[in-house]
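**Student:** Okay, here's the structure, questions in a sec.
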Amino acid sequence: MKHSTRLTKIFVVTVATVLLAASLHIEGFSQGQITWEQTSGPVGGNVRAFAVNAAGDVFAGTRGGVFRSSDNGDTWMAINTGLTTLNIHAVAVGLAGDVFAGTVGGGIFRLRNNGQTWQPVNTGLTDRNVRAFVIKATGDIFAATDSGVFRSRNNGDSWQPVNTGLPTPPPFLFVFALAVNAAGDLFAGMGGSGVFRSSNNGDSWIQINTGLTNLRVRALAVNAAGDLFAGTRGGVFRSRDNGTTWTAVNTGLTILRVGALVVNAAGDLFAG
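Using this note's numbering, read the sequence shown as starting at 239 and increasing by one per residue.
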């Protein structure tokens, strides 16, 4: 599929439906074939994050906690036992199937074996405001926080800050988005400093903002071709050279305050 084809289907919808569309791997549709159906929940407040495990269970992070659906969204069950705060901003599934919830105020919690009880996993995590996760093929987990990026190499048992090259001084670095490409390069999107790239597993970062005219980055996504997309308060930008340069791709967008980006298996880009 050519690059231009991938940009012919950009839809402005809610953050929740954007994330769910990608999580469920919607494929092979045209714009005229897309329809949305409201599910019966979850009812815990605004949905901010979705994740899907290998069994197809969907986890929704909301302002009212985490909800799980095992029937493709027809019904939802709250799974909040063990959570000390219900303000969920990020949800991710690790390589072993453990589910991670990132909260504002309570840090990170882990749910094992698709169970019912969460355990806090905050050793070394000095900032408990978690905005996003990304998990590499190696199993390393990265968490975006208000004071930078943290890395875990042991499935969340402990965390260490990996902020060399990010703006200083802490504590307010405000990383809102994380992404990883097929080569293992990491990308961090910041609230006022644009995009940073790490090619050494987070050990150091370099700023990559050439052509990025709005530095308030809220979302990042990478497609199968390696194209990198940044959602900002000034629309969507694309980089075809691993972040070295950026070009605005906003034709058709009626709202330029972009807070979520995902690419599905067919290569379609969704912006919310």
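Yeah, the Cβ is synthetic: ideal placement off N, Cα and C, and Gly gets one too.
What residues in its chain sit with their C-beta under 6 angstroms from that of W397, if we drop five residues either side in the sequence?
**Tutor:** Correct list, in chain order: G362, L363, F388, S390.
**Student:** Could you tell me if D312 is buried or exposed, where buried requires 16 or more neighbouring beta carbons within 10 angstroms of its beta carbon?
**Tutor:** exposed
**Student:** Which ranges would you report for the alpha helix (DSSP H) in the region 445–481 if only whole runs of at least 4 residues count?
**Tutor:** none
**Student:** Would you mind stating whether G344 and T322 have Cβ atoms separated by less than 8 angstroms?
**Tutor:** With contacts defined by Cβ atoms closer than 8 angstroms, G344 and T322 form a contacting pair.
**Student:** If you count every other CB in all the chains shown that lies within 10 Å of the CB of N318, and 16 or more means buried, which is it?
**Tutor:** buried
**Student:** Within 10 Å of its beta-carbon, does H241 have 16 or more other beta-carbons around it, so buried, or fewer, so exposed?
**Tutor:** With a pLDDT of 36 at H241, under the threshold of 50, the modelled position of that residue is not reliable, and the figure given next carries that caveat. Exposed.
**Student:** Could you compute how far the alpha carbon of N367 sits from the alpha carbon of F288?
**Tutor:** 18 angstroms
**Student:** Starting from F410, trace the beta strand (DSSP E) in both directions and tell me its first and last residue.
**Tutor:** From DSSP, F410 is part of no beta strand (DSSP E); its letter is neither H nor E.
**Student:** Could you pull the DSSP bridge partners for N367 from this structure?
**Tutor:** V342
**Student:** Considering only the beta carbon of each residue, do G386 and L411 sit closer than 8 angstroms?
**Tutor:** Result yes, Cβ atoms of G386 and L411 sit closer than 8 angstroms.
**Student:** Return helix, strand or coil for P358, following the three-state DSSP convention.
**Tutor:** strand
**Student:** DSSP three-state label for G510, please.
**Tutor:** In this structure, DSSP gives G510 a state outside helix and strand, which the three-state scheme calls coil.
**Student:** When the distance is taken between beta carbons, is A459 closer than 8 angstroms to V501?
**Tutor:** yes
**Student:** Measuring straight from C-alpha to C-alpha, what distance separates M452 and T470?
**Tutor:** Strictly speaking, residue 452 in this sequence is Asn, with Met absent from that position. Roughly 6 angstroms separates the two Cα atoms.
**Student:** Under a three-way DSSP split, which group does R301 fall into?
**Tutor:** Three-state result, R301: coil.
**Student:** What is the residue span of the beta strand (DSSP E) that V500 lies within?
**Tutor:** 499–501
**Student:** What residues in its chain sit with their C-beta under 7 angstroms from that of A462, if we drop five residues either side in the sequence?
**Tutor:** G505
**Student:** Should the region 352–359 be called in touch with the region 371–384, which here means at least 3 C-beta pairs below 8 angstroms?
**Tutor:** Judged by Cβ distances under 8 angstroms, the region 352–359 makes no contact with the region 371–384, as fewer than three pairs qualify.
**Student:** Identify whether S308 lies in helix, strand or coil by the three-state DSSP scheme.
**Tutor:** coil
**Student:** Rounded to the nearest angstrom, what separates V304 and L466 at their Cα positions?
**Tutor:** The straight-line gap from Cα to Cα measures roughly 29 angstroms.
**Student:** What residue from L499, F434, M315 has the CA that sits closest to R286's CA?
**Tutor:** The option with the nearest alpha carbon to R286 is L499.
**Student:** Hey, how far is the Cα of G510 from the Cα of G497?
**Tutor:** 6 angstroms
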